[in-house]
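*Asks:*
Numbering (the UniProt record's numbering), first residue to last: 1 to 304.
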């Protein structure tokens, strides 16, 4: 077995352990420089509260078999320390240690997230389509969460315009949620990219969708919130985007909500009225390159 295979399998074995804390495992591997070393240190010690009955070698072999099965089903498996892992996700606190993909995964991908309510208005759907169509025409990847409403409109419009779209989903990559979007998900996997941070057969859960929003924000250089209620996942993503040093664009539809009015006072937030102004804001954002310094290289003003 080559070193790369052993390292990836060691990560899977660590993440599969009961009560595993994924973020702590990633940090431990970063500090030690080897997933195998962390696995050797943590597995099978009799002085631990929950000693493992299996040897390190057995755990690695089982993980290799599992990875081989996923890959046979055309699922890409990407550890955070591998060259195939999206570079922009390495800079966020919620970085998934393991990413599953179907389609064309690119290490560097200039992308803008377009998100909003599942129960979208006709005006919201129109705006989402217009933004996605324009982004696609300019060679910018449209990222969304494959939910009903705004997400579906954004993905579909990008595809119809011949552009690239990426779906970041809140279930395992071999699942379809909502089921009505099965055909759309398969089509995106064929011509774009579907990614998930969850085990391939994982069902949806209350926790998985906010986690999905964090990855979607991290993948994109900016987030456009078309419509979002007080409890919407898009609201969560807007907050996370600023934490990640990514600008946020809020439409006049969103500004009807109390959370958006408060949120609009933050640096890095654009408030726009109308599709033309929204696209001007996106153009302005794309003219800047995000850095590890956060928002300091983005203009500190809002369009009102």
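Think of the CB as a built atom: it goes at the ideal place given N, C-alpha and C, for glycine as much as any other residue.
1. Taking 9 Å as the threshold (C-beta atoms), are residue 242 and residue 110 in contact?
2. On a Cα-Cα basis, can you pick out the residue from 216, 220, 237, 170 that is closest to residue 306?
3. If I'm right that residue 218 touches residue 244 with Cβ under 8 Å, what's the distance once you round it to whole angstroms?
4. Assuming contact is defined by CB atoms lying nearer than 9 Å, are residue 163 and residue 140 in contact in what I supplied?
5. Got a sec, what are the start and stop residues for the alpha helix (DSSP H) residue 236 sits in?
6. Contact between the stretch 223–234 and the stretch 247–261 is defined here as three or more beta-carbon pairs at a separation below 8 Å; is this criterion met?
7. By the 10 Å Cβ neighbour count, where 16 or more other Cβ atoms means buried, how is residue 247 classified, buried or exposed?
8. Sort 159, 65, 251 by Cα distance to residue 1 and report the nearest one.
9. Just to confirm the assignment, what range does the alpha helix (DSSP H) spanning residue 128 have?
10. For a test of the three-state rule: what should DSSP assign to residue 196, helix, strand or coil?
11. Closest to residue 4 by C-alpha separation, out of 121, 80, 131, 18, would be which residue?
12. Between the stretch 89–109 and the stretch 130–137, do at least 3 Cβ pairs fall closer than 8 Å?
13. Between which residues of its own chain and residue 78 is the CB-CB distance below 6 Å, once the five residues before and five after are set aside?
14. May I have the straight-line CA-CA distance separating residue 304 from residue 249, to the nearest angstrom?
*Replies:* Let's see:
1. Within the chain shown, numbered from 1, the residue matching residue 110 stands at position 110. Within the chain shown, numbered from 1, the residue matching residue 242 stands at position 242. For residue 110 and residue 242, no; Cβs fall outside 9 Å.
2. Lying outside 1 to 304, the shown extent of the chain, residue 306 is not represented and no answer is given.
3. Within the chain shown, numbered from 1, the residue matching residue 218 stands at position 218. Within the chain shown, numbered from 1, the residue matching residue 244 stands at position 244. Contact holds; Cβ gap of about 6 Å.
4. Position 163 of the chain shown, counted from the start, is the residue given in the question as residue 163. Position 140 of the chain shown, counted from the start, is the residue given in the question as residue 140. For residue 163 and residue 140, yes; Cβs fall inside 9 Å.
5. Working through the chain shown from its first residue, we reach residue 236 at position 236. Start and end: 233–243.
6. Touching, yes, given that three or more Cβ pairs across the two stretches are closer than 8 Å.
7. To locate residue 247, count along the chain shown from 1; it is residue 247. Buried, by the Cβ-count rule.
8. On the chain shown, residue 1 is found 1 positions in, with the first residue counted as 1. Ranking 159, 65, 251 by Cα distance to residue 1 puts 65 first.
9. In the chain shown, counting from the first residue as 1, residue 128 sits at position 128. Residues 122–137.
10. Residue numbering aside, residue 196 sits at position 196 when the chain shown is read from its first letter. Residue 196: strand per DSSP, three-state reduction.
11. Against the chain shown, residue 4 aligns to sequence position 4. Of 121, 80, 131, 18, the residue nearest in Cα terms is 80.
12. The answer is no - the stretch 130–137 does not touch the stretch 89–109, with fewer than three Cβ pairs under 8 Å.
13. As a working mapping, residue 78 is identified with position 78 in the chain shown. So the qualifying residues of the chain are 84, 85, 99.
14. Against the chain shown, residue 304 aligns to sequence position 304. Against the chain shown, residue 249 aligns to sequence position 249. Its pLDDT being 29, under 50, residue 304 is placed unreliably in this model, and the coordinates cannot settle the point.
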